[in-house]
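Quick notes on the structure that follows.
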Amino acid sequence: MLGNCLVVLIPCNLFPFECDPKIIHRDVKAENILLDDYCEAMVGDFGLAKLLDHRDSHVTIVVRGTVGNIAPEYLSTGQSSEKTNVFGFGILLLELISGQRALNFGKAASEEIQVLQEQMKEAHASEMDSIKQLSFEIETARREEEEMRSKTQELKQEAEKSKAVAEELEKKIELYLKQTEGAKAS
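Take the sequence shown: its letters are residues -12 to 173, numbered as in the working numbering.
Here it is, written out as structure tokens:
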């Protein structure tokens, strides 16, 4: 088909400056190239085509066509000319030579969605790990605080016991000293 496209399409349909009036197809793509019984290629689907007087260089119209096959200048300005046919034909040749679509939104979009979903899962997993780590650290801090309060309470109780023992010991020492002084005096 590639050879047929080069032989048949270039002279007649894709370089419409040869025609009067000029034909601006606006949707040159593989789906619009038809093969006859002799496998000769012909351009079909002229539903978006516009006729252009040979004196005009372009026509300004609402952008129509297949995404990926629309010439950038037509897309940005709305001005279509025979150059838009040439761009579309270039994309067609690229697809024929490479065996791939110029833009495959279905595959690209699904791959991009998968990548985004994986990134979201990783981010979510990372956030969950952070939350788990933070929860662990908070729980550890709470346990340590409780242990410190318990130890502080124990130390306070021991200090009170020690104070009571010290006071008792002081009383006994004072009593002993009084008794020993009283015994010396007699």
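Here a beta-carbon is modelled for each residue, glycine too, at the ideal position from N, C-alpha and C.
| Query | Result |
| --- | --- |
| When you compare the stretch 22 to 39 with the stretch 80 to 90, are there three or more beta-carbon pairs, one atom per stretch, that lie closer than 8 Å? | no |
| Exposed or buried, which one is Ser122 when buried takes at least 16 other CB atoms within 10 Å? | exposed |
| To which residues of the same chain is Leu1 closer than 6 Å at the C-beta, ignoring the five residues directly before and after it? | Residue confidence is low: Leu1 scores 46 on pLDDT, short of 50, so the model does not pin down where it sits. Its coordinate-derived value is still stated next. Once the five neighbours on either side are set aside, the close Cβ partners of Leu1 are Asn72, Phe76. |
| I'd like the list of long-range same chain contacts for Arg13, defined as Cβ closer than 7 Å, with 5 residues on each side in sequence excluded. | Leu35, Ala36, Lys37, Arg51, Gly52, Ser67, Thr71 |
| Output the boundary residues of the beta strand (DSSP E) element that contains Leu22. | 20 to 22 |
| Using CA coordinates, which residue listed in Val15, Lys171, Ala146 is at the minimum distance from Ile78? | Val15 |
| Determine the extent of the alpha helix (DSSP H) in which Val50 is found, giving its start and end residues. | No alpha helix (DSSP H) holds Val50; DSSP gives it neither H nor E. |
| DSSP beta-bridge partners for Val30? | Ile20 |
| Would you report the Cα separation of Glu27 and Leu21, rounded to the nearest angstrom? | 8 Å |
| State the Cα-Cα distance for the pair Asn56 and Val30, rounded to the nearest angstrom. | 15 Å |
| Identify the continuous alpha helix (DSSP H) that holds Leu80 and give its terminal residues. | 69 to 85 |
| Given that a residue counts as buried once 16 or more other Cβ atoms are within 10 Å of its Cβ, and exposed if not, what is Gly61? | The question names Gly, yet the displayed sequence has Tyr at residue 61. Classification of Tyr61: buried, given that the 10 Å Cβ count is 16 or more. |
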